[in-house]
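Position 341 of the sequence shown, counting from 1, maps to 353 under my numbering, and the rest follow consecutively. Ideal placement from N, C-alpha and C gives every residue a C-beta, glycine not left out.
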Amino acid sequence: MVAAAGVATMFLFGRGGAEPVEMQAVQVDVQPVVLEEPVVVNENVLVLDVANVDLIKNLESRVKQLEKDFAVLNAGRYNEAFVFVKPHAVTEKVKEIVKEGLEKAGITIKQEGNIAHDKIDQLKLIDNHYGAIANKAVLQKPSELNVPEKGQGQFEKMFGESWSDAIAKGEVYNAKDAAEKLGISGKELDEKWSHLQRGKDLIKFGGGFYCGKVDGIYVMNGFYMAMRDKYCAAPAQIQYYVVQWDPNQLSWKDFREKILGATDPAVAEVDSLRRKIHDEWEKLGLNAKPDVGDNGLHASASPFEAAAERINWTGAELEKDVYGKAALSLGICKNKLKAWMKDAQVEYEGSKQSIFDLLEDLDTSETLEKLEAIRKSSCKGCKDTSSK
13 MVAAAGVATM FLFGRGGAEP VEMQAVQVDV QPVVLEEPVV VNENVLVLDV ANVDLIKNLE
73 SRVKQLEKDF AVLNAGRYNE AFVFVKPHAV TEKVKEIVKE GLEKAGITIK QEGNIAHDKI
133 DQLKLIDNHY GAIANKAVLQ KPSELNVPEK GQGQFEKMFG ESWSDAIAKG EVYNAKDAAE
193 KLGISGKELD EKWSHLQRGK DLIKFGGGFY CGKVDGIYVM NGFYMAMRDK YCAAPAQIQY
253 YVVQWDPNQL SWKDFREKIL GATDPAVAEV DSLRRKIHDE WEKLGLNAKP DVGDNGLHAS
313 ASPFEAAAER INWTGAELEK DVYGKAALSL GICKNKLKAW MKDAQVEYEG SKQSIFDLLE
373 DLDTSETLEK LEAIRKSSCK GCKDTSSK
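What follows is the structure, given as structure tokens:
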């Protein structure tokens with residue numbers, strides 16, 4: 013395509029508002045420009061883009077579904093738990109039989125490590141682990157607690173003053189502050205707490221939610237500090253293991269019952285790890301025979317709890333954890349999932365239930381399937397499924 017030559021006329025004007033000077037026509041030769049390739053205007057491009065909006069949206073939807081399917085299938089290939097030797101049982105011989113027992117059962121140890129008492133205390137790792145119980149004993153002030161109306165009525169009937177008055181007068185303490193106020197240790201507070209009686213000087217507001225009167229003050233979950241001291245007082249430590257296995261070879265339920273052993277180690281299966289630690293405690297270098305509280309080992313009750321425990325104890329990131337990625341892919345927003353990992357009450361089949369209880373003893377793929385059902389019941393209005 014060739015640009016034609018033309019004539020440009022230049023008009024000269026004076027400055028400062030003066031009359032224009034004589035206009036002169038100047039002949040300017042404009043040389044023709046030859047384009048080697050013709051310019052083609054595709055009038056259909058915009059039309060094609062608009063026509064393909066639905067197709068693009070459909071492809072995006074399919075990609076998102078494939079990503080979800082992959083995340084869920086990838087996580088479901090294995091069961092992955094968090095296991096740790098409790099402070100009272102951390103000896104070299106115990107660590108040896110734990111590793112041998114896990115490997116003998118076909119369980120792979122992906123990661124292991126040791127966490128000392130000072131780090132457990134400073135990062136509140138055990139407080140996060142015990143969740144709601146610890147919140148009321150350490151992390152929250154009594155004025156921040158939501159005491160049900162029924163509980164407040166029982167409090168007033170038992171102690172002769174209202175809950176709100178007791179709060180206003182500064183008479184209610186969480187367990188941590190109560191120990192400091194009374195100048196005693198967590199163990200000593202627990203000793204005093206053990207003498208309280210339900211209906212007399214001890215009241216239960218809900219699950220893991222107690223208030224008792226100790227030496228003239230009201231204390232929330234006064235038993236907890238002794239539990240906490242077992243992890244946070246020198247020279248306490250835990251030895252942890254991140255483990256995985258094939259759910260087709262070993263179910264989560266059997267992992268807990270047959271490999272780990274019952275909560276009471278005295279009645280656990282003979283070949284279970286807790287039973288071995290219980291029966292051979294002197295040989296293994298323990299100071300006392302294990303019992304229900306000090307039973308040698310902790311292990312996650314479900315793949316869901318395992319993810320929460322890996323994030324808490326090892327610093328794993330929710331978005332990078334295999335189970336965490338799968339859970340997020342179900343359409344659960346990040347903040348909601350984090351809240352659920354503190355054992356939130358969720359709506360399921362017409363009632364509020366503990367999410368930990370709902371998912372206990374299920375294999376990974378089963379928990380994800382149930383988690384999606386819980387999301388549909390409890391996660392209405394959750395728009396952002398990744399970052400918020």
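Judged by DSSP in its simplified three-state form, His310 adopts strand. His207 counts as exposed, since fewer than 16 other C-beta atoms from the protein chains shown sit within 10 angstroms of its C-beta.
Per DSSP, Cys223 is not a residue of any alpha helix (DSSP H); the beta strand (DSSP E) it occupies stretches across Phe221 to Val226. When DSSP states are grouped into helix, strand and coil, Thr326 belongs to the helix group.
Contact between Trp264 and Leu151 is absent: CB atoms are separated by about 29 Å, not below the 8 Å threshold.
For Lys364, the three-state secondary structure derived from DSSP is strand. Separation of Lys212 and Arg387 (C-alpha to C-alpha, rounded to the nearest whole angstrom) is 42 Å. Distance from the CA of Pro259 to the CA of Tyr90, rounded to the nearest whole angstrom, comes to 6 Å. Annotation: the segment 105-182 contains the following complete segments of the beta strand (DSSP E) (minimum length 3 residues), in chain order: 120-128. Residue pairing for Lys216: DSSP places it in a beta bridge opposite Tyr222.
Annotation for Tyr253: the continuous beta strand (DSSP E) segment containing it runs Gln249 to Trp257.
Below 8 Å, too few C-beta pairs join the segment 193-208 and the segment 153-167 to call them touching: fewer than three.
Beta-carbon to beta-carbon, Ile250 and Val97 are separated by about 6 Å, close enough to satisfy the 8 Å threshold. Considering only Asn233, Asp202 and Gly297, the residue with the shortest C-alpha distance to Lys107 is Gly297. Counting along the chain, the unbroken beta strand (DSSP E) around Ile229 starts and ends at Ile229 to Met232. The alpha-carbon separation between Ser314 and Phe368 amounts to approximately 8 Å. A residue is called buried when at least 16 other Cβ atoms come within 10 angstroms of its Cβ; Pro160 does not meet this threshold and is exposed.
The DSSP-derived three-state label of Glu359 is strand.
Taking 9 Å as the cut-off, the beta carbon of Ala238 is found no closer than this to the beta carbon of Asp283. Contact annotation: Leu262 and Leu285 have beta-carbon atoms that are not nearer than 9 Å. Burial is judged here by how many other beta carbons sit within 10 angstroms of a residue's own beta carbon; Arg210 has fewer than 16 and is exposed.
Buried is the label assigned to Asn186, since at least 16 other Cβ atoms lie within 10 Å of its Cβ. For Asn186, the three-state secondary structure derived from DSSP is strand. Separation of Ile109 and Gly273 (C-alpha to C-alpha, rounded to the nearest whole angstrom) is 14 Å. Each residue's CA atom was taken as its position, placing Asp355 and Ala144 some 8 Å apart. CA-to-CA, the gap between Lys364 and Cys345 works out to about 20 Å.
For the pair of segments examined, the segment 129-149 was found to touch the segment 230-237: the number of CB pairs separated by less than 8 Å reaches three.
Distance from the CA atom of Ala191 to the CA atom of Ser377, rounded to whole angstroms, is 44 Å. Assignment of Val304 by DSSP, reduced to helix, strand and coil, places it in the coil class. With contacts defined as CB atoms closer than 9 Å, Leu214 and Gly228 fail to qualify as a contacting pair.
The alpha carbon of Asn307 has as its nearest neighbour, out of Ala278, Trp205, Ala93 and Trp325, the alpha carbon of Ala278. Cβ-Cβ distances below 7 Å link Trp293 to Lys301 and Pro302 in the same chain, with the five nearest sequence neighbours on each side left out; the list follows chain order. Annotation for His100: Asp306 place their beta carbon closer than 6 Å to its own, counting only its chain and skipping 5 residues before and after. For Ala338, the enclosing alpha helix (DSSP H) stretches over residues Val334 to Ser341.
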